[in-house]
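To start, the structure itself, in structure tokens.
Residue numbers (the numbering used here): 2 to 87.
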């Protein structure tokens, strides 16, 4: 027939070789525009509403969500999967 997959293979190889160059151009353009790239530490932690005061993992009431999820008891129960399926 008259078709060949070599053209597609050649395009694929070109894309693989130039992938890093495309990323570099993208980040250079962002830097020139002065756009701030978000850092993982700046990502917003969703907090449950006022009606949600009981942890589903620990089965305990909490006053402050952030204080509770950083507590040792919560971390232990999350690591051991206690209380999730019982």
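Virtual Cβ for every residue (Gly too), placed ideally from N, Cα, C. If you're wondering where the values come from, they're calculated on a predicted model, not measured in any experiment.
| Item | Value |
| --- | --- |
| Span of the alpha helix (DSSP H), counted from its first residue to its last, around residue 68 | 66-70 |
| Residue(s) in a DSSP beta bridge with residue 62 | 55 |
| Pair within 8 Å by beta-carbon distance, residue 71 and residue 63 | no |
| Cβ-Cβ separation, residue 58 to residue 75 (assumed contact under 8 Å), whole Å | 7 Å |
| Terminal residues of the alpha helix (DSSP H) in which residue 36 lies | Neither: residue 36 is in no alpha helix (DSSP H) and is coded neither H nor E. |
| C-alpha distance - residue 10 paired with residue 65, whole-angstrom precision | 56 Å |
| Residue 19 - DSSP class collapsed to helix/strand/coil | coil |
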